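Everything in the first sequence is counted per the working numbering, starting at 5 for the first residue and increasing by one.
Data first, discussion second: the structure below is written as structure tokens.
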Amino acid sequence: MPEHWLNPPDLAAARAAQVALAARVVAEDAHGPVRLLGGVDVSNTRFDPENRVYAGIVVLRFPELEVVATASAVRRASLPYIPGFLGFREVPALLAAWEQLAVKPDLVMVDGHGLAHPRGLGIAAHLGVVLDIPSIGVAKSRLVGQPEAPLGEAPGAEVPLAWKGRVLGTVLRTRQRANPLYISVGHRVSLAGAVAWVKRAATGYRLPEPTRQAHLAANAARRAATMAMPPLTG
DNA sequence: GCGACAG
DNA sequence: ATCTTGTCGC
Numbered sequence: 005m006p007e008h009w010l011n012p013p014d015l016a017a018a019r020a021a022q023v024a025l026a027a028r029v030v031a032e033d034a035h036g037p038v039r040l041l042g043g044v045d046v047s048n049t050r051f052d053p054e055n056r057v058y059a060g061i062v063v064l065r066f067p068e069l070e071v072v073a074t075a076s077a078v079r080r081a082s083l084p085y086i087p088g089f090l091g092f093r094e095v096p097a098l099l100a101a102w103e104q105l106a107v108k109p110d111l112v113m114v115d116g117h118g119l120a121h122p123r124g125l126g127i128a129a130h131l132g133v134v135l136d137i138p139s140i141g142v143a144k145s146r147l148v149g150q151p152e153a154p155l156g157e158a159p160g161a162e163v164p165l166a167w168k169g170r171v172l173g174t175v176l177r178t179r180q181r182a183n184p185l186y187i188s189v190g191h192r193v194s195l196a197g198a199v200a201w202v203k204r205a206a207t208g209y210r211l212p213e214p215t216r217q218a219h220l221a222a223n224a225a226r227r228a229a230t231m232a233m234p235p236l237t238g
């Protein structure tokens with residue numbers, strides 16, 4: 005795997021890497037039975053001169069949705085947050101956490117977009133292709149595209165997310181009176197399959213359990229590290 | 001040139 | 001993403 009797929013020298017190289025990686029995305033259900041669902045997320049500390057990012061990964065048994073494994077890792081981000089280049093900022097830390105995982109999941113839900121990205125390589129697709137594992141993008145807001153029609157207010161309501169005449173994902177309402185989620189293919193999963201998995205992992209909260217638990221894990225890792233820091237004196 | 005812009 | 005407790009509404 006080319007080094008610049010994770011740490012490009014500049015944005016031009018990052019852009020080229022995304023195009024190359026996007027060509028490797030498999031938008032079809034190419035995976036075995038899913039007994040273990042994974043959830044990944046990253047937490048940031050604001051005003052941190054060191055640009056540290058805390059990655060959290062959780063593994064849940066399906067269909068029970070009980071957490072059976074957790075892992076976390078801290079890395080210094082090589083880039084600030086730039087819309088469209090989130091993967092380069094968070095994937096390295098996620099890979100470090102992945103290595104710490106005692107048991108690997110059969111499919112992972114990522115906090116962010118997959119194919120619903122300007123170059124078809126949101127963080128979910130980025131992570132999926134680099135690890136070559138089934139992945140799904142579960143974003144809380146849109147990056148590109150617009151809903152093709154008004155979204156129903158009932159949980160389960162969904163509408164295609166279109167951009168430039170193409171359907172890149174699905175806008176899905178998982179909870180009444182809560183903003184919808186933006187689901188898209190990450191890798192080795194079809195859009196229909198991605199939406200189905202998110203629904204199967206829904207528990208009444210806005211976020212599906214894998215991503216919800218990953219968010220908690222990432223925050224826990226950050227707080228633990230922060231509280232371990234020696235107090236400033238003088 | 002201007003506005004939009006995952007986490 | 002993050003700063004932050006209680007509070008209003010379903």
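We put the CB at the ideal spot given by N, CA and C, even for glycine.
Being a predicted model, the structure only gives us computed values, none of them experimental.
Using DSSP bridges, identify the partner residues of residue i.
i	result
N48	V57
G190	G190 pairs with nothing; no bridge assigned.
W167	R170
E162	L176
L185	L176
Please classify residue i: does DSSP put it in a helix, a strand, or coil?
i	result
Q150	strand
G141	strand
L211	coil
G156	coil
G245	Residue 245 cannot be examined here, being either before or after the span of the chain that is shown, 5 to 238.
G238	For G238, the pLDDT reaches just 40, beneath the cut-off of 50, and the residue's location in the model is therefore unreliable, leaving the point undetermined.
G3	The requested residue 3 does not occur in the structure, where the chain is confined to residues 5 to 238.
N223	helix
R19	helix
M231	helix
L10	coil
R28	coil
A196	helix
A106	coil
A205	coil
I believe residue i touches residue j by the beta-carbon criterion, under 8 Å. Please report the beta-carbon distance rounded to the nearest angstrom.
i	j	result
L125	W102	That pair is no contact at about 18 Å.
L165	A120	6 Å
M178	T49	Before going on, a small fix: residue 178 reads as Thr here, not Met. Not really, about 28 Å apart at Cβ, beyond 8 Å.
S76	A59	6 Å
L176	L185	5 Å
N55	R80	5 Å
P67	R204	7 Å
L105	V171	That pair is no contact at about 33 Å.
T92	A18	Checking the sequence shown, residue 92 turns out to be Phe, not Thr. With a Cβ gap of about 6 Å, F92 and A18 count as contacting.
What's the call for residue i, buried or exposed, on a 16-neighbour Cβ count within 10 Å?
i	result
A153	exposed
V23	exposed
E7	exposed
G238	Low per-residue confidence applies at G238: pLDDT is 40, beneath 50, and the placement is therefore not dependable enough to give any value.
V142	buried
T215	buried
R227	exposed
D115	buried
V107	exposed
G173	buried
P212	buried
M5	exposed
P84	exposed
S145	exposed
R192	buried
E162	buried
A128	buried
F51	exposed
Identify every run of the beta strand (DSSP E) within the segment 110-138, keeping only runs that are complete inside it and at least 3 residues long; order them along the chain.
111-115
Length-filtered (3 minimum) beta strand (DSSP E) runs lying within the segment 60-102
70-80
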